[in-house]
Structure formats: C-alpha cells, structure tokens
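Comments concern the structure below.
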Amino acid sequence: MAEAAAKPAGADILSVSDLQAWYGESHILHGINFNVKAGEVVTLLGRNGAGKTTTLKSVMGIIGKRTGSIRFNNEDIIRASSDRIARMGVAFCPEERGIFASLDVRENLLLPPIVRPGGLSLDQIFELFPNLKERLNSQGTKLSGGEQQMLAIARILRTGARFLMLDEPTEGLAPVIIQQIGHTIARLKSEGFTILLVEQNFRFASTVADRYYIVEHGKVIDGFANSELSANMDKLHTYLGV
Amino acid sequence: MQALYAQLLVGLINGSFYALLSLGLAVIFGMLNIINFAHGALYMMGAFCAYFLLNVAGIGYWPALIIAPIVVGIFGMILERTMLQWLAGLDHLYGLLLTFGIALIVQGVFQNYFGSSGLPYAIPDELKGGMNLGFMFLPIYRGWVVVFSLVVCIATWYLIEKTRLGANLRAATENPTLVRAFGINVPRMITLTYGLGVGLAALAGVLSAPINQVRPLMGADLIIVVFAVVVIGGMGSIMGSIITGFALGVIEGLTKYFYPEASNTVVFVLMVLVLLVKPTGLTGRAA
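Residue numbers (numbering that gives the first Met the number 0), protein chains in the order written: chain A, 0 to 241; chain B, 0 to 286.
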C-alpha cells in the first residue's frame, strides 16, 4: 500500500515494519509500516489519536513496550535505549516543545550534546532564528510560543544529527511564524537533512513534504508522493475528516 | 553577651550541618523523586569512615575529608543501582519506606558492633586551640566547620546552577525522558547525583566527628530536624536549602539563649507555621 509512493533516489535512512507499541496496557500501534529515504521530508498525517506521535516516540525509543522492526541506517534500534538512538544521529522535537523552565535560552540551546560533527554552528542558528540571539539570557519558558518552537528546533540542529523528527511544529502558532518554520524546513532539506514530520496542518505539510503517509487506528493505511497530491485530495479529505 | 555569641556560634555550626544535609536531600529529591530517609545513616557512616581511617589505617582528618565522602558516596551509588532505581515512577511512599528501612539496618549494624555511646575523634592539630576575637572566644575548629561548609554549599550551588553539567541535571529533573532522548545517559546521571548527595552527607559526618563524637545514632537524631529544615525551605531549591539550613541553625541558637526551653521545638513550630502559610516551603517551586 504505502509502497505505491514514488520513491526519490537515495537509500532508506529509516525503515519501520510491523511496529507495535503500548502505553502501559493500551495497545496504540498495531503494525506501522513506512520508510524514509536520505534527504526526504516525509509527513505522517492522520487524525488526533491515530498514533502519529507514538510512532515518532517509538523511533526515538521512549515508548516502554514496542515490537516489530525499526531500522535506522540499517541497524535495528527497536531495543536500543533512547540515549543510544540519539547518539546514532536521530533528533526529536516533541509536540509540547520541551523547553526547560529551569534553564535559560542559552542553556536550553546547548543542552543536547553534539553527537557527530557537521551540526550547525551557533552563528548559523542565529542566522536562521535571529530572535533567539536577543533572548539568550531569558528563562526558556518566558519565550513566546513561536520562539519556543524555534528554540526547540534550533537546539537539535547543533547536535550534528542529520535525521530530524518534528512533531507538529506549527501547532498553535501565528501564520507568520508558521511561514518562518516552513522556510526553515525547506532550508534544512536543501542542506541535506532528512525530516520526518507529524502534522495536523495539511496545508503547511503540503508546502514542504515529498511524501505522505496516512496513519489511522495505529496503522499506516495509505501513502503517496507530493506529485500525486491533487489526485488523492478526495481520499485525503475522507481520511482526515476535513 | 559572651553566652549569646557562643550560642550563635553553636547555631551556625548546627546550621552548617543542616545546610549540607538538606542540600543533599534537595538534590536527591529533585533528581530521583525520593525522600532519602537514609541520609542520617549515611552521615553517620561518613563519621565512622573517618574514625576507621584513623584507627585502622592511620589516615588522618585531612585525607578523610576527601576519602570518606567518596567511599560512602560509592556505597550510596550501589544502593541506588541495586535498589532505589527500581522505584522510579512509584509513589514517594515507597522510596521513603525503603530508605527508612535501609537507615534502620545500617544503624542497627553499627549499634551491634559499637553500642550507642560515642567514640572520640580528635580535632586535627592544625585546627586545635582558639582565637580571642575580643567579643568572644572562637575555637578554631568550629570556625573552620562553618567556613568550610559554606564554601562547599556555595560550590555545590555553583555546580548545579551555573555549569553545563548542572544544566543537564536541572533539565533531567524537569523532563528525564526528553533529556535522555537528546543522547544524555540519564540513569548514570541519576546514580552520580545520588552519590553526590550522599557524599555531602558523609562530608558533614566527617566535619561533625570531632565536635559531636562518632555514634551510630548521630544521624538519626539530626535527620528529623533536617527534614523540618527541608520542609521549611522547600524541597528542590538549592539556594533555599542552604539559606534555610544556616538560618534555622542560628534561630535555634538564639532560642537557646533567649528561651532555652523552646530550643528543641522551635524548628518544628516554624515548620508548622510555614506549612500553614506556604505549603510549598519558603523558596519551593510549586510542583
């Protein structure tokens, strides 16, 4: 099903097959299958509670019980601890942004350790997000929602991780900020980052994504490339209920 | 007036121990979410460690100041690895019961071999004697304890509030899952944090050995007051623990001078008042 999507050149960076995951007793993911190739922006779409965030968290290794296979750069990471997965070059920007209140902006920015060479320098980050430079000494949670989102993205660009997972980066933000985040994602893509995006904002996703997967009830039920978008619009409206 | 100053000094000394112990408790609570009832027993182990070093190995006070916190800290880290880590995510009550049980066992073992009376530990030669300050006589060792404790407290505060390592620690206190997902080995950090808190308690034990003698129950008596200090200061605030520790020591000292009958209860009366007015403690952040 998902394999029908047109594949750009490049090897699989991430391939997930038959991923199942549980929160305590509740079975959330019932067999997720998808793949992400080097340099792609892939978006998981789906309604609230479909399992998109849980999928990202499973890849990151922060869901307690998970089975199936998650291969990152051809290494199975289904049993790896999240700190090890991070050091392999996977970076995660959570939906709630995860800005630390007891750290100032500079400390928040410098918190994730460098996992490999080739990350953005602080100057490059300030060029992408000039607001952050002016607020370096503010408490992390004193920033506006947009600035917090920028900080949450900025801090994982420093680490040298080339595979980024962004969970609803536009949620609750003003259009002008969403635009800025869209530019940032496009810029990162042009610099060769691979991005796995979870979005409710389909219009935003369509400006940056190469391919889409539809997640419903803990399964991937469909997938198509951005070029096939217009042909799939009707299906998409049904899936997302918009 | 002499008596007032003497009581103030006693207050500052007690305050030093309160500060060192409540600081460790605050750090441990922040990171492990455990109310470490074993803290008094570990403080006692620090004093005994200094005593053994001197009487078994002939190693004196100055090396003991470094060795004892490390030895007891390692003991603490073993406790964390083998027992406390399994309590992550459970109610506070479990941690409290487990550490209370550990305290009883450790104290029981020491009592079995050393009874309840105190063992002497001499003041090191360099710190013997006293100074006449004009308005009072200051025993040098006591002055040393106050100054050294203050330095250690400030250094710990600096480590936690102003360094990269401290930023990792504060972040992991807020959201350990996310910090780990950035590639930081949080379980190891938790073990080291427990070791740090325990090491501070052991250091206080060594400092106290020449003043209070070395007794198996020396920590059990102290820890109850220290918990009151922590409640007053507010769990989880580093500077709050330090300031409250010293301040309550002084208040206790002053009470001994002005109204000695209340000196044993003044801390608890203050605790009740603080709990009534500001349940999160004077400097505590609401959970």
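Glycine included, every Cβ here is placed at the ideal spot set by N, Cα and C.
| Since residue 131 (chain B) is in the alpha helix (DSSP H), which residue starts that stretch and which ends it? | By one-based count along the second sequence, residue 131 (chain B) stands at place 132. Premise fails: residue 131 (chain B) lies in the beta strand (DSSP E), 129-131, not in any alpha helix (DSSP H).
| said: Against chain B, with Cβ distances strictly below 7 Å, would residue 18 (chain A) count as a contact? | reply: Residue 18 (chain A) sits at position 19 when you count from the first residue of the first sequence. Closer than 7 Å: no.
| Residues bridged to residue 16 (chain A) [DSSP beta-bridge criterion] | Position 17 of the first sequence holds residue 16 (chain A). Answer is A:68.
| Which residues bound the beta strand (DSSP E) around residue 61 (chain A)? | For the purposes of this step, residue 61 (chain A) is taken as residue 62 along the first sequence, with counting starting at 1. Here residue 61 (chain A) belongs to no beta strand (DSSP E), and DSSP marks it neither H nor E.
| Which class does residue 147 (chain B) belong to by DSSP, given the choice of helix, strand or coil? | On the second sequence, position 148 is the one that residue 147 (chain B) refers to. In this structure, residue 147 (chain B) counts as helix in the three-state DSSP scheme.
| request: Measure from the alpha carbon of residue 30 (chain A) to the alpha carbon of each residue in A:65, A:23, A:47, A:82, then state which is nearest. | output: Counted from its first residue, the first sequence places residue 30 (chain A) at position 31. Nearest of A:65, A:23, A:47, A:82 to residue 30 (chain A), Cα basis: A:65.
| query | Apart from the five residues just before and just after residue 196 (chain B), which ones in its own chain have a Cβ nearer than 6 Å to its Cβ? | reply | In the second sequence, counting from the first residue as 1, residue 196 (chain B) sits at position 197. Correct list, in chain order: 23, 26, 27.
| In chain A, which residues lie less than 8 Å from residue 185 (chain B) when you measure between Cβ atoms? | Counting from one through the second sequence, the residue named residue 185 (chain B) turns up at place 186. Those within 8 Å of residue 185 (chain B) in chain A are 82.
| message | On the DSSP bridge list, what partners appear for residue 169 (chain B)? | response | Here residue 169 (chain B) corresponds to residue number 170 of the second sequence, with the count starting at 1. DSSP lists no partner for residue 169 (chain B).
| query | Beta carbon of residue 166 (chain B), beta carbon of residue 106 (chain A): below 7 Å? | reply | Your numbering for residue 166 (chain B) matches position 167 in the second sequence. Your numbering for residue 106 (chain A) matches position 107 in the first sequence. Contact flag set, yes.
| query | Got a sec? Which residues, its chain only, sit under 8 Å from residue 216 (chain B) by beta carbon, not counting five neighbours each side? | reply | Counting from 1 along the second sequence, the entry for residue 216 (chain B) is found at position 217. Hits under 8 Å: 43, 106, 110, 115.
| query | Exposed or buried, which one is residue 262 (chain B) when buried takes at least 16 other CB atoms within 10 Å? | reply | Taking the second sequence and counting its residues from 1, the one referred to as residue 262 (chain B) is at position 263. Residue 262 (chain B) comes out buried.
| message | For residue 19 (chain B), which residues in the same chain have their Cβ closer than 6 Å to its Cβ, ignoring the five residues on either side in sequence? | response | Stepping through the second sequence from its first residue, residue 19 (chain B) is reached at position 20. Answer for residue 19 (chain B): 148, 199, 203, listed in chain order.
| field | Proximity test, Cβ basis, 7 Å: residue 75 (chain B) and chain A | value | In the second sequence, the residue the question calls residue 75 (chain B) occupies position 76. Not one chain A Cβ lies under 7 Å of residue 75 (chain B).
| message | For the region 23-51 of chain B, list every residue whose C-beta sits within 9 Å of some C-beta in chain A, in sequence order. | response | none
| task | Keeping to the same chain, check which residues put their C-beta closer than 6 Å to that of residue 255 (chain B); ignore five residues upstream and five downstream. | result | Translated into the one-based positions of the second sequence, residue 255 (chain B) becomes position 256. Within the same chain, residue 255 (chain B) has close Cβ partners 6, 262.
| CB of residue 188 (chain B) within 7 Å of CB of residue 171 (chain B), strictly | In the second sequence, counting from the first residue as 1, residue 188 (chain B) sits at position 189. In the second sequence, counting from the first residue as 1, residue 171 (chain B) sits at position 172. Yes, they are a contact pair.
| query | In the DSSP assignment, what residue or residues form a beta bridge with residue 34 (chain A)? | reply | Locating residue 34 (chain A) in the first sequence gives position 35, counting from the first residue. Per DSSP, A:14.
| First through last residue of the alpha helix (DSSP H) which encompasses residue 132 (chain A) | In the first sequence, residue 132 (chain A) corresponds to position 133, counting from 1. 129-133 is the span of the alpha helix (DSSP H), which, as asked, contains residue 132 (chain A).
| message | If we define contact as Cβ-Cβ less than 7 Å, is residue 79 (chain B) a contact residue for chain A? | response | Reading the second sequence from its first residue, position 80 is the one you call residue 79 (chain B). Not closer than 7 Å to any Cβ of chain A, the Cβ of residue 79 (chain B) fails to qualify, so no.
| Exposure of residue 202 (chain A), with buried meaning 16 or more beta-carbon neighbours within 10 Å | As a position in the first sequence, residue 202 (chain A) is number 203, starting the count at 1. Looking at its Cβ environment, which holds fewer than 16 other Cβ atoms inside 10 Å, residue 202 (chain A) is exposed.
| query | Are the region 239-257 of chain B and the region 174-188 of chain B in contact at 8 Å, needing three or more beta carbon pairs? | reply | no
| message | Taking only three categories from DSSP, how would you classify residue 212 (chain A)? | response | Position 213 of the first sequence holds residue 212 (chain A). In the structure shown, residue 212 (chain A) sits in a strand (DSSP, three-state: E or B).
| field | Residue closest to residue 270 (chain B), alpha-carbon to alpha-carbon, out of B:223, B:236, B:100 | value | Residue 270 (chain B) sits at position 271 when you count from the first residue of the second sequence. The candidate whose alpha carbon is nearest that of residue 270 (chain B) is B:223.
| task | Determine which residues of the region 167-179 of chain B have a Cβ less than 9 Å from any Cβ of chain A, and write them out in chain order. | result | 167, 169, 170, 172, 173, 174, 176, 177, 178, 179
| said: Cutting at 7 Å between CB atoms, please list the residues of its own chain near residue 4 (chain A), excluding the five before and the five after it. | reply: By one-based count along the first sequence, residue 4 (chain A) stands at place 5. Only weak support exists for where residue 4 (chain A) lies, its pLDDT of 41 falling under 50; the value from the coordinates is given anyway. These residues qualify, in order along the chain: 210, 222, 223, 224.
| task | Closer than 9 Å, Cβ to Cβ, to anything on chain A: give me those residues from the region 191-204 of chain B, in chain order. | result | none
| Endpoints, the alpha helix (DSSP H) within which residue 181 (chain B) is located | On the second sequence, residue 181 (chain B) is found 182 positions in, with the first residue counted as 1. Where residue 181 (chain B) is concerned, there is no enclosing alpha helix (DSSP H), given that its DSSP letter is neither H nor E.
| said: Tell me the DSSP secondary structure of residue 233 (chain A) in three-state form. | reply: Within the first sequence, numbered from 1, the residue matching residue 233 (chain A) stands at position 234. Looking at residue 233 (chain A) - three-state DSSP - the assignment turns out to be helix.
| message | With a threshold of 7 Å between beta-carbons, can residue 95 (chain A) be considered close to chain B, or not? | response | Residue 95 (chain A) sits at position 96 when you count from the first residue of the first sequence. Answer no: the Cβ-Cβ gap between residue 95 (chain A) and chain B never drops below 7 Å.
| message | Please list, in chain order, the chain B residues whose beta carbon lies closer than 8 Å to that of residue 161 (chain A). | response | Within the first sequence, numbered from 1, the residue matching residue 161 (chain A) stands at position 162. Neighbours of residue 161 (chain A) on chain B: none; closest Cβ ~14 Å, over 8 Å.
| request: Could you name each continuous alpha helix (DSSP H) segment of 4 residues or more that falls completely within the region 200-232 of chain B, going from the start of the chain to the end? | output: 217-232
| request: Would you check if the distance between the CB atom of residue 168 (chain A) and the CB atom of residue 182 (chain B) is smaller than 7 Å? | output: In the first sequence, counting from the first residue as 1, residue 168 (chain A) sits at position 169. In the second sequence, counting from the first residue as 1, residue 182 (chain B) sits at position 183. No, the pair does not count as a contact, with Cβ atoms beyond the cut-off.
| Among the residues of its own chain, which have a CB less than 8 Å from the CB of residue 2 (chain B), if the five just before and after it don't count? | Within the second sequence, residue 2 (chain B) is the residue found at index 3, counting from 1. So the qualifying residues of the chain are 256.
| Who are the Cβ neighbours of residue 70 (chain B) in its own chain at under 6 Å, not counting the five residues just before and after it? | Within the second sequence, the letter at position 71 stands for residue 70 (chain B). Cβ neighbours of residue 70 (chain B) beyond the five flanking positions: 48.
| Tell me the DSSP bridge mates of residue 218 (chain A)? | Position 219 of the first sequence, counted from the first residue, corresponds to residue 218 (chain A). DSSP, once it has assigned bridges, lists A:215 as partnering residue 218 (chain A).
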